[in-house]
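For the sequence shown, full-length UniProt numbering begins at 1 and goes up steadily by one.
Beneath this line is the structure, given in structure tokens, with notes to follow.
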Amino acid sequence: MSSRSPNKLARIGLAGAALLALGACDREERDTSRQPKPETISLASSDPRAKEYENSSFHISQGQRYYSWMNCSGCHALAGGGGMGPPLSDDEWRYGGRMEDIVQTILKGRPNGMPAFEGRITEQQAWQLAAFVRSLSAQPRQDVLPGRSDDISNAEPQTLEERRPQQSESNTTLPSAEKD
């Protein structure tokens, strides 16, 4: 007889059966060739006001002012690069990238962070702000000036010339303090 207990033999038998069962399992195979292709969504706006605003450098520059005044940069960064809020300088839009979609986002807000500005700005201001936001993503027509700041550049920064103190024409000397 062996010195092994029946309990220990049962455990060894269960472990062996588990290994056999695992060895018999096959990995799941998926056919990735039939994945649906991403849809391309047209950013052409159906609202006739869209062209008026997004093709006008005046409206884009007004939108840039509102972007600053409404503190949009607090969440989306100065150049729209994102931060706490999503970036506006790329071509990915969570709630649609057409002008009317952006206006709706500005006026009605979005869950989890985007406040509604309806009642705080006019509809025209919302359209101008949307035109600026679209210009950040480089999606307006090419003949419209972008709303990006001229300060954004990869060039070496300009430095101020070193200022030298000006010499005065009169030689004034301070009186010396005499001790008593």
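Note that beta-carbon positions come from the ideal geometry of N, C-alpha and C, so glycine has one too.
None of the values given here were measured: they were computed from a predicted structure.
Report the rounded CA-to-CA distance for serine 61 versus methionine 70, giving the unit in angstroms.
The residue you call residue 61 lines up with position 61 of the sequence shown. The residue you call residue 70 lines up with position 70 of the sequence shown. The alpha-carbon atoms of serine 61 and methionine 70 are separated by roughly 14 Å.
Closest by CA to alanine 130, which one among Leu14, Tyr66, Gly113 and Ala17?
Position 130 of the sequence shown, counted from the start, is the residue given in the question as residue 130. Looking from the CA of alanine 130, the closest CA among Leu14, Tyr66, Gly113 and Ala17 belongs to Tyr66.
Proline 115 - containing alpha helix (DSSP H), residue span:
Taking the sequence shown and counting its residues from 1, the one referred to as residue 115 is at position 115. Looking at the DSSP string, proline 115 is not in any alpha helix (DSSP H), and its letter there is neither H nor E.
Report yes if the CB atom of glycine 97 is closer than 8 Å to the CB atom of proline 87, and no otherwise.
Locating residue 97 in the sequence shown gives position 97, counting from the first residue. Locating residue 87 in the sequence shown gives position 87, counting from the first residue. Against a cut-off of 8 Å, the Cβ pair of proline 87 and glycine 97 comes out as no contact.
Looking at the structure shown, is threonine 105 part of a helix, part of a strand, or coil, going by DSSP?
Translated into the one-based positions of the sequence shown, residue 105 becomes position 105. Secondary structure of threonine 105 (DSSP, three-state): helix.
Inter-residue spacing [alpha-carbon to alpha-carbon] between arginine 134 and arginine 49:
By 1-based counting over the sequence shown, the position of residue 134 is 134. By 1-based counting over the sequence shown, the position of residue 49 is 49. Each residue's alpha carbon lies about 14 Å from the other.
Where does the unbroken alpha helix (DSSP H) through asparagine 7 begin, and where does it stop?
Along the sequence shown, one-based indexing puts residue 7 at 7. Unbroken alpha helix (DSSP H) run through asparagine 7: 6-24.
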